[in-house]
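Protein chains in written order, with the numbering used here: chain A, 1 to 363; chain B, 364 to 726; chain C, 727 to 1089; chain D, 1090 to 1452.
These notes concern the structure reproduced below.
Number of protein chains: 4
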Amino acid sequence: MSNSLGKQFVITSFGESHGSLVGVIIDGCPAGLAVSEADIQHELDRRKPGISSITTPRREEDRVEFLAGVFNGYTTGAPICLAVWNRDVDSGEYEKARLLPRPGQADYTAGVKYGGFNDYRGGGRFSGRITAGFVMAGAVARKLLYAIGVEVLAHTVEIGGIAARPGEPDKIRETAAKNAVHCADAEATEKMIAAVEKAINEDDSLGGIIEGIALGLPVGLGEPVFGSVDAELSKALFAIPAVKGVEFGAGFKAARMKGSQNNDPFAIKDGRVVTTSNNAGGILGGISNGMPLVVRVAVKPTASIAREQPTVDIGKMKEATLAVKGRHDACIVPRAVVVVESMMAVTLCDLAIRAGLIPGVIK
Amino acid sequence: MSNSLGKQFVITSFGESHGSLVGVIIDGCPAGLAVSEADIQHELDRRKPGISSITTPRREEDRVEFLAGVFNGYTTGAPICLAVWNRDVDSGEYEKARLLPRPGQADYTAGVKYGGFNDYRGGGRFSGRITAGFVMAGAVARKLLYAIGVEVLAHTVEIGGIAARPGEPDKIRETAAKNAVHCADAEATEKMIAAVEKAINEDDSLGGIIEGIALGLPVGLGEPVFGSVDAELSKALFAIPAVKGVEFGAGFKAARMKGSQNNDPFAIKDGRVVTTSNNAGGILGGISNGMPLVVRVAVKPTASIAREQPTVDIGKMKEATLAVKGRHDACIVPRAVVVVESMMAVTLCDLAIRAGLIPGVIK
Amino acid sequence: MSNSLGKQFVITSFGESHGSLVGVIIDGCPAGLAVSEADIQHELDRRKPGISSITTPRREEDRVEFLAGVFNGYTTGAPICLAVWNRDVDSGEYEKARLLPRPGQADYTAGVKYGGFNDYRGGGRFSGRITAGFVMAGAVARKLLYAIGVEVLAHTVEIGGIAARPGEPDKIRETAAKNAVHCADAEATEKMIAAVEKAINEDDSLGGIIEGIALGLPVGLGEPVFGSVDAELSKALFAIPAVKGVEFGAGFKAARMKGSQNNDPFAIKDGRVVTTSNNAGGILGGISNGMPLVVRVAVKPTASIAREQPTVDIGKMKEATLAVKGRHDACIVPRAVVVVESMMAVTLCDLAIRAGLIPGVIK
Amino acid sequence: MSNSLGKQFVITSFGESHGSLVGVIIDGCPAGLAVSEADIQHELDRRKPGISSITTPRREEDRVEFLAGVFNGYTTGAPICLAVWNRDVDSGEYEKARLLPRPGQADYTAGVKYGGFNDYRGGGRFSGRITAGFVMAGAVARKLLYAIGVEVLAHTVEIGGIAARPGEPDKIRETAAKNAVHCADAEATEKMIAAVEKAINEDDSLGGIIEGIALGLPVGLGEPVFGSVDAELSKALFAIPAVKGVEFGAGFKAARMKGSQNNDPFAIKDGRVVTTSNNAGGILGGISNGMPLVVRVAVKPTASIAREQPTVDIGKMKEATLAVKGRHDACIVPRAVVVVESMMAVTLCDLAIRAGLIPGVIK
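See the structure below:
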């Protein structure tokens, strides 16, 4: 396994779904950043299930605990360790996963790779629950970015094929954070909620698309060729369970455009060089160009569905069926919004430090 | 800059478009692998322009030269250094790029980031030409993978909005390698060629989509969470200039499917666990599942077009226009096919070594 | 800060002397290794103070707690998180350190580097207490090495200028582990104890030298040039607070020998290639040669002494004096023996995995 | 193999003794640094053999060639590739090394590790010749350090047991650079030269000790715990072939001192905090403290001696003897002085960039 990400602002993820805790260590965070448990909790709460009719009734009372690296309310320069303890855990249902791997999950591959020693309860290390660690790290990263004028926002732009109309940052801040699907388009929101409710009734699940935006980035983040903004962000985003695609700016649509349409013309606005369109999604040659960074992330439908599915009995090596019981979100997209924001924040912090844009001590 | 990729099989890219050479170092390649200049040259030639009516008339006689790490026809365990020397270089046209950044290129961002000291000739370090190094590394990686029964294939599946029908591996091997657009669908090939010719006539350019496939992968590659197969591959693929999107298996389509459709059912075939569909693209929980690995890469249309485009004069800080002269591919997709294959091979080698699947000495 | 070490078997150290805990994460440990809390506790107890007349009367009841990565008594392949909670903490004395930096300690440099935000209580992140994390990681590493027939041993060879006679492995195992100074030479042991008692009475402190030995190493560990056995071990050993020198084999004495004396002649013994002397300390060209690996580590005298010392008042920028109160070991060498062993074990595990000598699943 | 060193200022070493070239890539060097071939050549020439009666008569006309990363006399931010081509190569003598491994060399361990595929000619990748790459990288690093007021100096302090009296920086700059043994003490110099001449006559060789000093370092370099100044420097220094020991400040002598002697008292001088002694060698808690950084490196006697030595015939697995012909330095210490300086410069650059002390563009 390889559970660390970043070069100068390095996060290390640890913990399992049904073990003692889920945590994260942040190494390389500058000293002097004010962080409170409330700052972290605020982001964690955005990931919380059970906040609407369409999320799992599981009550995860995730309370962040600071285990190291923060003293008198400020980061010290030492590694920061943040954790949430696991509670309300029911592992009974998962015993099956050992022998009847759930389709669309890591049960089978992890079982082979780790010789059956992997903690299979609740998906163990492969559970979406580990993203609580991502969110805690993201909460710190977000505060650091704020110190250099950068804001990271994400919102749901599609669920079950229902697409939202493009949303402005203000709208995203106001609306998306509050409604059950974290979508900035009120009309689409209603349809999305209805679609998820339908999926719940059909013992099925839905996927969707999340858009992440970073505002206020200076020109110059990104360490090409292999530390480019897009390379580093995509790596971080594909580490989120259920992500199957990542695109920047016009993304796959750019493949269908002509050069004359896709090239963003340069212009001057308020004495600054800008582009008049943003098909590049804020990245040229792997380096931020000062325009909003725009990334879209495809999230597959939740793999755990109550419907019966074909699988195999690994012990007997014969075909079998499985209906996944337990409490699962029929659509993980709304809860993943803050996770996308978090991984963006973590990666942009690392790149900003690497580019010399964040000092070693925050004042 | 950050020009190394990988953890155990590490490539370091160097060189510029109009400097002395373009090269690559491979560190961590097992000893005892037979490699000849012909092996490398064969892959390099697939990247060569000037092989058809639709590629640039530039004649890049890229001859690989072994500078280190190979002795008596075998790798020695030492770092392998491979290079192609630059010839047929005409830097005159590029002087402009200093002050009139080309839209869709790195001229502007690199100029700001490196304080104007970057080598701007031919895009310098940001030129597509650096992918010659990727291809040389890929040629070695491909031979290593072959030793464990893994084959990597790529082909063009879309150009200018013209999509190819799905292609079988045999078809890809036979057809795609030979035609001008590296597409396995003869009918689509003709249309794609016509579309590119039209773009040339209109002083414009086209993008497209490349599909990469890895066959024969064992279960167990991938080091979750941050060294997962998808995270590592996406990072490598986004380092290819002009790539704007990466998706695995059903990719963005998965976002529109229901769980019951998207989950790949497990079954047993010839005594092995398989899935009866492959929406996962061969990856579960970031680990290879033994099915074909499938990735699709969106390539934007070539930014350098002869048509006049709005830009800014950086010196005078006022708006201006620019028509990019020089010899550019109107569609880079066909030449990028071998680059996608190469970055896949390099990344899969690294993951295979990290998973203990390739020994330290090949026999 | 940079708190991770290793490439494939990676430890991340976290926690502070007077914070909540001191811990370590091990990422990359193969699955299937049996580890119990007793295994870890056994090593931790060897580091415990208060076990003899010459160590600090502080009672650190360090009980290891498994927070992640172990399930049903076996490693799972997931990151292992081990911690000891801090108790019996008295931070009062340390308030001074903010303004009156203790000579020979990190107070001054950390204060400048982290802008005064560092946790100064008990030295915070710079306390010898963080080596509890090293020891916990070492306990796991040691079990892994054992699985491939490698044993790591350390013993005190000098304290306060009193040198022990060379000790054989059997002697070290039997004697060194038990006596108060962890020395295999009974006669020297008595003198060392007397010397430390004298230092205590004089409000002073002593340093010494620890020798580490690894037995059973196969030929081939080490990834030259920068991942050589000596380069990697020295890096790990200099991370132990108070270490000021590291030498392999004949070490500094080799500088005074002739080539004809220092070169270890090759010979054949029991069908194996051996050397008839071991001035190389088991390393040729940065690679293990199958002979015992021998390293010696110089440990400076404890910096915290009750005697009055000159320092400066950082607030007033004027000279001052300081007598360090608190409970400190007058000689840290005996407690550092297990720390040296641990860092050796951790580093050798990493190198063994990198060389393909430890499989991904232990059976 | 693992041939890259550093995190932000990363050098990658490549090439073999009797291959095409020896080279180095520097990745992460800020843009805008003026570097000329003369700058590099000046340092390379200090490593040159044949400059006195006591070095090998081999005439290595090492001319640096810039292959990438420098444009119009300035670094561009792109990876810098520097090389010297191999000439005057006589590989005949080395064929033996395959079957009769030279005592004290890597022939045996490399042969086993790389399955006999290693380039054994002249020691191949294990030759001291690869340090030409270290010196080229060091020449660039040195210029960067100069830009922030840091100077790195090294000199010979012992050869064959003959110790020099302590040397002041001025003396080192003036004298050590010029005489045949790079020693700042004229009296010791004569004795050292005589000792080396005697060793040559006896077909034997001598080792020695080199002291490296860095002046002008600000407080704050070093990323504890594993990126501390001492940990990183020791790793870099042990990568130099023949180095068997590294110590900082009082080093092994500190092990014999009392705390009250070894602790460096703080004082104020010219409004700055200083220490009145420097047993710490400029490092407290792994962080530079503003005093001169002092490191000493033990170099073993040259392993290649013309005298007959016992070895084994690997093919027949029986004991044999070997006299190493060829042109070898009887004492490598003088030529290693600039190599020690270079590795210090490279490491301190990396740490300075990591600490935010060197900007991304030099002006």
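Using N, Cα and C, we set each Cβ at its ideal position, and we do this for glycine too.
The model shown is predicted, which means the values in this text are computed figures rather than measured ones.
Residues that DSSP places opposite C:Cys807 in a beta bridge: C:Ile751 and C:Ala794
Residue of A:Phe252, A:His42, A:Ala352 and A:Glu43 minimising C-alpha distance to A:Gly216: A:Ala352
Rounded distance between the beta-carbons of A:Asn263 and B:Pro466, thought under 8 Å: 4 Å
Stretch pair the region 1352-1365 of chain D + the region 1390-1397 of chain D: three plus CB contacts closer than 8 Å: no
Under 9 Å from the C-beta of B:Ala431: neighbouring residues of chain C: Result: empty, since nearest Cβ-Cβ is about 13 Å, beyond 9 Å.
Residue-chain proximity (B:Gly719, chain C), Cβ-Cβ < 8 Å: yes
Burial state of B:Asn564 (16 or more Cβ within 10 Å): exposed
Selection from A:Gly286, A:Gly115 and A:Val135 that minimises the alpha carbon distance to A:Glu232: A:Gly286
C:Ala757 versus C:Glu923: straight-line alpha-carbon distance, rounded: Each residue's alpha carbon lies about 46 Å from the other.
Beta carbon proximity, A:Lys113 to chain C, threshold 8 Å: Any Cβ of chain C closer than 8 Å to the Cβ of A:Lys113 would place that residue at the interface, and such an atom is present.
D:Ile1282 - containing alpha helix (DSSP H), residue span: Its alpha helix (DSSP H) spans residues Ala1275 to Asn1290.
Neighbour list for C:Pro1085 in chain B, Cβ cutoff strictly below 9 Å: Here the neighbours are Gly719.
Selection from C:Phe797, C:Gly985 and C:Thr1037 that minimises the alpha carbon distance to C:Ala760: C:Phe797
Beta-carbon proximity check, D:Pro1381 vs D:Ala1269, cutoff 8 Å: no
Contacting residues, own chain, Cβ-Cβ under 6 Å from D:Ala1230 (five flanking each side not counted): Within the same chain, Cβ atoms closer than 6 Å to the Cβ of D:Ala1230 are found at Ala1434, Val1435 and Cys1438, the five residues on either side in sequence being excluded.
With 16 other Cβ atoms within 10 Å as the buried cut-off, status of D:Ile1256: Note on residue identity: the sequence assigns Gly, not Ile, to residue 1256 of chain D. The Cβ neighbour count for D:Gly1256, taken over all protein chains shown within 10 Å, is at least 16; the residue is labelled buried.
6 Å Cβ shell around C:Gly1016 - same chain, five flanking residues per side excluded: The residues are Val945.
Environment of D:Gly1095 [buried if 16+ CB atoms lie within 10 Å]: That one is buried.
Integer Cβ distance of A:Ala176 from A:Leu44, believed to fall under 8 Å: Not really, about 18 Å apart at Cβ, beyond 8 Å.
Where A:Asp230 meets chain B, residues with beta-carbon distance less than 7 Å: Going along chain B in sequence order, the residues near A:Asp230 (Cβ under 7 Å) are Phe601.
Contact under 8 Å by Cβ, D:Glu1300 with D:Arg1385: yes
Residue interval of the beta strand (DSSP E) (run including B:Arg659): Leu656 to Val662
Cβ-Cβ distance between C:Ser746 and A:Leu67 below 8 Å: yes
N-terminal and C-terminal residue of the beta strand (DSSP E) that D:Lys1361 is part of: Looking at the sequence provided, one finds Arg at residue 1361 of chain D rather than Lys. D:Arg1361 -> beta strand (DSSP E) spans Arg1361 to Thr1364.
For A:Asp313, the three-state DSSP class (helix, strand or coil): A:Asp313: strand per DSSP, three-state reduction.
B:Val623, DSSP secondary structure in three states: Correcting the residue identity first, residue 623 of chain B is Ser in this sequence and not Val. Here B:Ser623 sits in helix by DSSP.
For A:Leu351, three-class secondary structure by DSSP: helix
6 Å CB neighbourhood of C:Glu742 in its chain, flanking five on each side removed: Asp845, Gly850 and Arg851
Spatial neighbours of B:Asp402 in its chain, beta-carbon cut-off 7 Å, leaving aside the 5 residues before and after: Ala502 and Lys506
Per-residue contacts from A:Asn86 into chain C (C-beta, under 7 Å): Near A:Asn86 there are no residues of chain C at all, since even the closest Cβ is about 10 Å away, more than 7 Å.
Status (buried if at least 16 other CB within 10 Å, exposed otherwise) for A:Met343: Burial call: buried.
Closer than 7 Å at the beta carbon, the chain C residues around B:Lys370: Lys733
The beta strand (DSSP E) enclosing A:Gly15, as first and last residue numbers: Looking at the DSSP string, the run of the beta strand (DSSP E) that includes A:Gly15 is Val10 to Gly15.
CB contact below 8 Å: B:Thr439 versus chain D: yes
Distance between A:Met1 and B:Pro587 (C-alpha atoms, nearest Å): 5 Å
Beta-carbon spacing of C:Ala1024, D:Ala1343 below 8 Å: yes
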